[in-house]
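See below for the structure under consideration.
Residue numbers (this note's numbering): 437 to 743.
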């Protein structure tokens, strides 16, 4: 589904000032442009396919131009049909921008954010909307700042684990279906589809709203996936890793994400196991590998005894 200028305006709470006929135009690029050099008269590198952001620096310089140059350069800005012009907080929009916006049917909007924050927020928003996306089966939770994607066959208890983790003070991001996108290489973000946001499906109970049950702190809109925990029923024929020395990974798009497989049996507290997996992953991110420390200590002990 295409991303329209109108949706960008609505989702970012921009105030439409002119050019309202152009709200159905499509936004196709997640980068933004600040056309300061174009206002100075150089259009060789004009990134017209991007949303144009203008702040106090651009408009201050624009105010130094004579009326003829103002008219000429703004006309060139609009002639290439960029999707949208966004002015930052406390910037007075020059009349020529309003006039050209209505002539070319290109929206001009006002933001209530300062320029740097505005540029960053538009980039974050467009990255989430325009990056390649996949929908996968699983449950995504935030455990002490670590985004944990819990996978496994239906009925293994992913939602019940998420419920217990939320009860312990962690945050639900998505249950049953997780929409993921690669913000950039090395960063894969997950979120719930719009209709499933804040909901958990618990067999025997039904659909529960974690925000209404546990408060707003129980839910997070999106989260970087830092580890994948796959649950499976215990299989006596399998040789499970008992030390965890070798790091495994799974791949989403162009990004490798840490991966662990946890066998589940009756009597094993699955929520605690997932919680510990997240905490252990956090230690590794901080440079502490407990399994390697144990292995090194064991080797040292063996060497001492053999001397």
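The beta-carbon is built from N, C-alpha and C at its ideal position, and this holds for glycine as well.
For clarity, every value in this text was computed on a predicted model and none was experimentally measured.
DSSP three-state assignment for residue i, whether helix, strand or coil
i, result
"residue 669", "strand"
"residue 701", "coil"
"residue 569", "strand"
"residue 559", "helix"
"residue 476", "coil"
"residue 467", "coil"
"residue 624", "strand"
"residue 585", "strand"
"residue 495", "helix"
"residue 505", "helix"
"residue 579", "strand"
"residue 642", "strand"
"residue 719", "helix"
"residue 594", "helix"
"residue 619", "strand"
Cβ pair residue i, residue j closer than 7 Å
i, j, result
"residue 463", "residue 439", "yes"
"residue 514", "residue 542", "yes"
"residue 598", "residue 611", "yes"
"residue 745", "residue 521", "It is not possible to answer for residue 745, since the shown part of the chain is limited to 437 through 743."
"residue 587", "residue 666", "yes"
"residue 626", "residue 614", "yes"
"residue 532", "residue 506", "yes"
"residue 643", "residue 637", "yes"
"residue 445", "residue 544", "no"
"residue 617", "residue 569", "yes"
"residue 476", "residue 582", "no"
"residue 619", "residue 547", "no"
"residue 472", "residue 451", "no"
"residue 624", "residue 691", "yes"
"residue 607", "residue 656", "yes"
"residue 454", "residue 538", "yes"
Those residues which DSSP pairs with residue i across a bridge
i, result
"residue 546", "451 and 523"
"residue 528", "Per DSSP, none; premise fails for residue 528."
"residue 658", "627"
"residue 687", "692"
"residue 462", "440"
"residue 610", "576"
"residue 487", "468"
"residue 635", "645"
Cutoff 7 Å; reference residue i; Cβ partners in own chain excluding five residues on either side
i, result
"residue 442", "459 and 460"
"residue 457", "541"
"residue 629", "613 and 615"
"residue 479", "512"
"residue 605", "none"
"residue 645", "634 and 635"
Whole-angstrom distance between residue j and residue i, CA atom to CA atom
i, j, result
"residue 685", "residue 670", "21 Å"
"residue 524", "residue 591", "50 Å"
"residue 556", "residue 486", "14 Å"
"residue 535", "residue 633", "41 Å"
"residue 672", "residue 554", "56 Å"
"residue 529", "residue 511", "15 Å"
"residue 689", "residue 571", "12 Å"
"residue 707", "residue 602", "10 Å"
"residue 527", "residue 559", "20 Å"
"residue 693", "residue 722", "16 Å"
"residue 465", "residue 609", "27 Å"
"residue 650", "residue 503", "59 Å"
"residue 683", "residue 695", "8 Å"
"residue 499", "residue 567", "37 Å"
"residue 437", "residue 561", "16 Å"
"residue 448", "residue 654", "24 Å"
"residue 641", "residue 715", "30 Å"
"residue 589", "residue 687", "19 Å"
"residue 593", "residue 674", "21 Å"
Residues near residue i by beta carbon distance below 6 Å, same chain, minus five either side
i, result
"residue 585", "574, 576, 661 and 664"
"residue 484", "516 and 518"
"residue 509", "475"
"residue 481", "none"
"residue 658", "625 and 627"
"residue 701", "670"
"residue 469", "483, 486 and 488"
"residue 600", "707"
Close beta carbons around residue i, own chain, < 8 Å, minus the five adjacent residues each side
i, result
"residue 698", "665, 666, 667, 668, 706, 709, 710 and 713"
"residue 492", "524, 526, 527 and 551"
"residue 595", "575, 611, 612, 636, 637, 638 and 639"
Contact with chain D by residue i, beta-carbon distance below 7 Å
i, result
"residue 595", "Any reference to chain D falls outside this structure, which holds one protein chain only."
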